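Down below is the structure, laid out as structure tokens.
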Amino acid sequence: MDATQGINVVAKSQSSPSRKRKKHDIAFMCWIPGLVLLGLMCLPEVVPAQEEMASSIRRYKAYEASTGYYEEYEVLPRRQRAILEVPGVTRGLFRYSPASAEIRIRSRLADSHRAIKFYKRRPCEDCHVEQTRDIHTVRANLTCRQCHGKEPIASIYHYYSPMNPIRKHAYVCSKCHEGASISYSSYLVHMPNPVTRSAKEGFPLLFYAVWIMIGIAVSPLAVFIPHSVMWGVREFFVKKDKDKVEHNKKD
Amino acid sequence: MSTIKKTRIIRFSPLQRLFHVLLMLSFLTQGATGLSRMYVETPWGRALGSVFGGYESALAVHKRVGIFMICGFMVHILYLLSKVNWRKFPRSLFEPDSLVPQPRDVKDFFRHVGWFVGLNKAPEFDRWGYWEKFDYWGVGWGIIILGGTGLMLSYPLIASRILPGWFLNIAFWIHRIEALLAMAHVFVIHFFIAHLRRHSFPMDRAMFEGSVDIEAARHEKPAWVARLEQTGKLEGVLVAETTSGLRALFYIFGLGAVATGVFLLIGGLLNSMSITW
């Protein structure tokens, strides 16, 4: 005797209109797997994850797709800016913290590390510790030079720097993210730890979004974990039979 | 008909049970693939990822299963629309068989907590306890948040055409926190309520078998059984217990899912200090 047989027995014992509804249910149930299969057919094609698609064979294709220049021909450029943007904010959403005056001063040099003592002998992470703690570095195992290039490394706002926001999407991002636009390249690669004060200064929207999410996540757990523990403990002190008798008496 | 002892009340339809099984499988897959990427810096994370063929293909699996879950969510919305009693529409949502939260649930919650600490008698629950309603709506909330941010992160070029690219930074963190919340809720609270507490230890079979023991229901959901008795519908929803073979299968499947979830929970907690947050 399995579950379906049990339900059939119940169906027989019911009156005719409900049997009709049951039939209707079965017809509906046949639709569900069909819809699920249809959904499965819409799944995207299996491809390697896009962010790791650096290729030496396809050469400039990524650059071309991001700029709209194919060899020397300019084609209709694709839209580079996002449709929805934060009003009034074009650049400087991630403003530097007051402590980073050093960076601000050095952000327009042709050689950003000019006149730093013993520069040649020091690895990048001697000074840029925070910049080694992001997904691009930790997970994709990119080295600094794969994006920032060889010496001399130009400051990010130097006019001819590949890191200048006017061309970063084409010269840097599109090496791996084919078709990257200016909007796309405003993704902050060296993301600050979003719960810290430096994030509040540098990337306030991320800071507030993350703290709101933490609040949403912690509050149900803070209610339900003690709730469940108390429930579990309380159930040890229930005398099942006695309760049942009490209930029957009430009936 | 009288040869079989009918001792169980129907609680879930076969279709609802199918939804739950699909949700279980896809949720555990998403949890495992997602954690394997989050913990790739640790040996535990790499071992977890190797089950799915490594760091890259874990993402491929994660994206496909995610889209499958979104499809399932849409199918479930169609199912809900077909189940709503449109004739008595606004009122039918607040019937006791409905999962829509009602003021009564808030009252039940406080009275239930009062019962834990010995202030009053246990509240008489109807068909759905407030914790079950919370679990049900939590899945919908989770799929909307995780599915939305997940789609943004899977198709970043399209997403950055609509929103500025730095929204992906935010989407990434929302996805991560919401996923951790979902796993913590399922692997701690849901498992505790459905498996570990004395009433349902070692496993509440209702979601697999589709029915609950009438005595157990009388104990935990007295208002529901009383309502069925009063309206004379109780006879119609009684069924017999399934075969012992099927029961064994339910236990193996359900406890296997619990083991997987607890493995992810413990591994995640133990290794949480050795990853870059």
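Chains as they are written, first to last, in my numbering: chain P, 1 to 251; chain X, 1 to 277. Even glycine gets a Cβ: it sits at the ideal position worked out from N, Cα and C. Since this is a predicted model, take the numbers as computed values, not measurements.
Chain X contact residues for residue i, given Cβ-Cβ distances below 8 angstroms
| i | result |
| --- | --- |
| P:ARG197 | The contacting residues do not exist; P:ARG197 stays about 16 angstroms from chain X at best. |
| P:ALA209 | ILE170, TRP173 and ILE174 |
| P:ALA222 | In chain order: nothing, as chain X lies at least about 11 angstroms away. |
| P:ILE214 | ILE177 |
Residue j beta carbon less than 8 angstroms from that of residue i
| i | j | result |
| --- | --- | --- |
| X:ARG161 | P:SER181 | yes |
| X:PHE187 | X:LEU264 | yes |
| P:TYR159 | X:GLY165 | no |
| P:SER66 | P:SER228 | no |
| X:ILE9 | X:ALA226 | no |
| P:ILE156 | P:SER107 | yes |
| P:SER161 | P:ALA170 | no |
| P:ALA217 | X:ILE177 | yes |
| X:ALA184 | P:LEU221 | yes |
| X:GLY34 | X:ALA223 | no |
Simplified DSSP assignment, three categories, for residue i
| i | result |
| --- | --- |
| X:LYS6 | strand |
| X:LEU238 | strand |
| X:ARG17 | helix |
| P:THR4 | Note that P:THR4 scores a pLDDT of 48, beneath 50, so its modelled location is shaky and nothing firm can be said. |
| P:SER107 | helix |
| P:GLU246 | For P:GLU246, the predicted model reports a pLDDT of 46, less than 50, meaning its position is unreliable; a value from the coordinates is still stated below. Here P:GLU246 sits in helix by DSSP. |
| P:ASP126 | helix |
| X:GLY138 | helix |
| X:ASP204 | coil |
| X:SER26 | helix |
| P:LEU93 | For P:LEU93, the predicted structure reports a pLDDT of 47, less than 50, and the residue's modelled location is therefore unreliable. A value from the coordinates is still provided. It is coil, neither helix nor strand. |
| P:ASP25 | helix |
| X:ARG11 | coil |
| P:GLU64 | helix |
| X:PRO90 | helix |
| X:ILE275 | coil |
| X:ALA257 | helix |
| X:ALA319 | As shown, chain X starts at 1 and ends at 277. That puts residue 319 of chain X outside it, with no answer to give. |
| X:ALA32 | helix |
| X:SER82 | helix |
| X:ARG111 | helix |
Closer than 9 angstroms at the beta carbon, the chain X residues around residue i
| i | result |
| --- | --- |
| P:LEU206 | TRP166, ASN169, ILE170 and TRP173 |
| P:SER228 | TRP131, VAL188, ILE189, PHE192, ILE193, LEU196 and ARG197 |
| P:SER181 | LEU157, SER160, ARG161 and GLY165 |
| P:VAL36 | LEU22, PHE68, CYS71, GLY72 and VAL75 |
Beta-carbon proximity list for residue i, same chain, < 6 angstroms, skipping 5 on both sides
| i | result |
| --- | --- |
| X:ILE252 | none |
| X:GLY142 | ALA182 |
| X:LEU238 | LYS6 |
| X:ASP97 | ARG127 |
| X:PHE109 | TYR130 |
| X:LEU228 | LEU234 |
| P:LYS150 | none |
Per-residue contacts from residue i into chain P (C-beta, under 7 angstroms)
| i | result |
| --- | --- |
| X:GLY54 | Neighbours of X:GLY54 on chain P: none; closest Cβ ~11 angstroms, over 7 angstroms. |
| X:THR7 | Under the 7 angstroms cutoff, chain P gives no residues; its nearest Cβ is about 11 angstroms from X:THR7. |
| X:ALA184 | LEU221 |
| X:SER82 | PHE28 |
Own chain partners of residue i with C-beta closer than 7 angstroms, once the 5 adjacent residues on each side are dropped
| i | result |
| --- | --- |
| P:PHE207 | PRO194, ALA199 and LYS200 |
| P:GLU51 | Here P:GLU51 scores only 37 on pLDDT, less than 50, and its place in the model is too uncertain to base an answer on. |
| P:TRP231 | none |
| X:ASP105 | TYR130 and LYS133 |
| X:PHE68 | SER26 |
| X:HIS62 | GLN30, THR33 and GLY34 |
Sequence-distant residues of its chain with Cβ nearer than 8 angstroms to residue i (five each side left out)
| i | result |
| --- | --- |
| X:LEU153 | ALA159, LEU168, ALA171, PHE172 and HIS175 |
| X:HIS199 | ALA216, HIS219 and GLU220 |
| X:LYS107 | PRO123 |
Residues that residue i contacts on chain P, provided the C-beta gap is smaller than 9 angstroms
| i | result |
| --- | --- |
| X:LEU265 | Correct list: empty, because the minimum Cβ distance to chain P is about 13 angstroms. |
7 angstroms Cβ cut-off: residues of chain X touching residue i
| i | result |
| --- | --- |
| P:PHE236 | ARG198 |
| P:TYR184 | PRO156, LEU157, SER160 and GLY165 |
| P:ASN193 | TRP277 |
| P:GLU85 | PRO164 |
Any non-hydrogen atom of the ligand ATP within 7 angstroms of residue i CB
| i | result |
| --- | --- |
| P:MET29 | In terms of ligand content, the structure shown is empty, and the ligand ATP therefore cannot be addressed. |
Contact list for residue i against chain P, beta-carbon separation under 8 angstroms
| i | result |
| --- | --- |
| X:TRP86 | Those within 8 angstroms of X:TRP86 in chain P number zero; the least Cβ separation is about 14 angstroms. |
Just list the alpha helix (DSSP H) runs in the stretch 158-221 of chain P, keeping only unbroken ones of 4 residues or longer that don't cross its boundaries, in chain order.
Runs of the alpha helix (DSSP H) inside the stretch 158-221 of chain P: 168-171, 182-185 and 197-202.
As an exercise, report each continuous alpha helix (DSSP H) stretch of at least 4 residues that is fully enclosed by the stretch 126-174 of chain X, in chain order.
130-154 and 156-162
Which complete alpha helix (DSSP H) runs does the stretch 177-228 of chain X hold, if anything under 4 residues is left out?
206-209 and 214-220
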